[in-house]
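Peer 1:
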Amino acid sequence: MSSVLVEKLVKSFDELERCIKLTLDVFEQRDGVPEDVVARVKQYNAIVAKQRELATELERHIDAQNWKEVARLVRVINGLSGMIRDDAQSILSHATGDVVEVAAEREVKIC
């Protein structure tokens, strides 16, 4: 059971990494994207890598039925996802409509 749950979690990390890559691809095609914004999005990859490490730990603790540590790791993983979500929303709220238009032209889903 634990491996199924962690496998779903890892698939969500895969999807998040795909979205990060697509976002960076869109930024590369645009002129005038601030370097600090690109740097922030690139940092998401390090966050997802940490989440992957935590997911491995999570599986171990689920198997050992160490529910206190399972709960803590779930909170940490969710918190890291929330950081990415909140920062991405901030970036998008300051972005021009041009970035969204380029994504639509390429049929890219902005995550």
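The sequence shown stops at residue 112 when you use my numbering, and every number in between is there.
Glycine residues also receive a C-beta, built at the ideal position from the N, C-alpha and C atoms.
None of these values were measured; they are calculated from a predicted model.
Quick check on T57: buried or exposed, where buried means 16 or more other Cβ atoms within 10 Å of its Cβ?
Peer 2: Here residue 57 corresponds to residue number 56 of the sequence shown, with the count starting at 1. Exposed is the call here.
Peer 1: Distance check for G83 and L6, CA to CA, integer angstroms please.
Peer 2: On the sequence shown, residue 6 is found 5 positions in, with the first residue counted as 1. On the sequence shown, residue 83 is found 82 positions in, with the first residue counted as 1. Using only the alpha carbons, I get a separation of about 19 Å.
Peer 1: Starting from the Cα of Y45, find the closest Cα among I21, P35, V34 and give me that residue.
Peer 2: In the sequence shown, the residue the question calls residue 45 occupies position 44. Ranking I21, P35, V34 by Cα distance to Y45 puts I21 first.
Peer 1: What whole-angstrom Cβ distance do V39 and L17 have, given they're in contact under 8 Å?
Peer 2: Taking the sequence shown and counting its residues from 1, the one referred to as residue 39 is at position 38. Taking the sequence shown and counting its residues from 1, the one referred to as residue 17 is at position 16. Their Cβ separation, rounded to whole angstroms, is 17 Å, which puts V39 and L17 out of contact at 8 Å.
Peer 1: Between K43 and L25, is the Cβ-Cβ spacing less than 8 Å?
Peer 2: In the sequence shown, counting from the first residue as 1, residue 43 sits at position 42. In the sequence shown, counting from the first residue as 1, residue 25 sits at position 24. Yes.
Peer 1: So E1 and H62 are supposed to be a Cβ contact under 8 Å. How far apart are they, rounded?
Peer 2: Only positions 2 to 112 of the chain appear in this structure, which leaves residue 1 out of reach.
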